[in-house]
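According to the working numbering, the residues represented by the sequence shown are 6 to 171, in order.
For each residue, glycine too, the CB sits at the ideal point set by N, CA and C.
Every value quoted in this text rests on a predicted model; they were computed, and no experiment measured them.
Reading through the structure tokens given below for one structure.
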Amino acid sequence: MPDKRLTTGHVSFWNQRLVEWSMLALVIVLLLGVLAYKVRELHAQAELATVRSTLGNLRTAFVLDHLRRSVPSGAGAAVQNNPFELLEHRLPNYFGAASAAQALAAPAGSWVFDAACVCVGYLPLGTEWLQSPTGDVMAWYQISGAPGPLQLTAREVYVWQGQVMN
6 MPDKRLTTGH
16 VSFWNQRLVE
26 WSMLALVIVL
36 LLGVLAYKVR
46 ELHAQAELAT
56 VRSTLGNLRT
66 AFVLDHLRRS
76 VPSGAGAAVQ
86 NNPFELLEHR
96 LPNYFGAASA
106 AQALAAPAGS
116 WVFDAACVCV
126 GYLPLGTEWL
136 QSPTGDVMAW
146 YQISGAPGPL
156 QLTAREVYVW
166 QGQVMN
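Below, the structure is given as structure tokens:
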């Protein structure tokens, strides 16, 4: 008596299982791809939050330095243009003082201070999230505002995942 699974017109048990497992593998690969993309998006959002927090810390350091110089005991203190020198603890990702050209050699995720333009710059971990009108790969913030507290203002309108970085 011939085996019905081997006759034409019927899909064998093993072929059917192979198709099912292939479909399952495809679904798993697609889900892993979506998960990897979402994890990258989450890392980019965390990096944006860190950048905003650092900018807030630098602005606060400028205000505190201005207040310190306003009291009689601190009136003779010189204005410090490098906000990183005003922080109580130096940032672990602060590269140091560097020109715009030297800043590009800094490790990704680093902050720099450019004394020539009196500005601070940030080189993102991944440049695909930062959008700049001029195509610059770094976000630069100009230091200005004397005689009052110094201010940090973005040199361009930087957009990070659809949100303005300021």
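Count the other CB atoms within 10 Å of the CB of residue i; is the residue buried (16 or more) or exposed (fewer)?
i    : result
M143 : buried
Y172 : Because the chain in this structure spans residues 6 to 171, residue 172 falls outside the shown range and cannot be described.
L155 : buried
V125 : buried
P152 : exposed
V56  : buried
A41  : exposed
F18  : exposed
A108 : buried
A111 : buried
Taking only the alpha-carbon atoms, compute the straight-line gap between residue i and residue j and give it to the nearest angstrom.
i    : j    : result
K43  : T139 : 28 angstroms
D70  : W134 : 33 angstroms
N98  : E25  : 49 angstroms
Q168 : Q21  : 49 angstroms
A106 : S75  : 36 angstroms
Y127 : H48  : 16 angstroms
H94  : G38  : 39 angstroms
P77  : E46  : 49 angstroms
For residue i, I'd like the list of residues in its chain whose CB is within less than 8 angstroms of its CB, leaving aside the five on either flank, ordered along the chain.
i    : result
Q50  : Q166
Q85  : D70 and L91
A102 : N87, V117, F118, D119 and A120
L157 : L60, L63, R64, F67, P88, V125, Y146, Q147 and I148
S104 : D119 and A121
L96  : T59, F89 and W116
L36  : none
Ordered along the chain, which non-local residues of its own chain (more than five positions away) have a Cβ less than 7 angstroms from that of residue i?
i    : result
E52  : P129 and L130
T132 : V142
Tell me which same chain residues have a C-beta within less than 6 angstroms of the C-beta of residue i, skipping the five on either side of it?
i    : result
V123 : N86 and I148
Y163 : S137, A144 and M170
R160 : W145 and Q147
Exercise. Specify whether the region 22-41 and the region 112-129 touch according to this definition: at least 3 beta carbon pairs, one from each stretch, less than 8 angstroms apart.
Key: Judged by Cβ distances under 8 angstroms, the region 22-41 makes no contact with the region 112-129, as fewer than three pairs qualify.
Self-check item: beta strand (DSSP E) runs wholly inside the region 98-167, at least 3 long, in chain order
Solution: Listed in chain order, the complete beta strand (DSSP E) runs (minimum 3 residues) inside the region 98-167 are 99-102, 115-119, 124-128, 144-149, 156-159 and 163-165.
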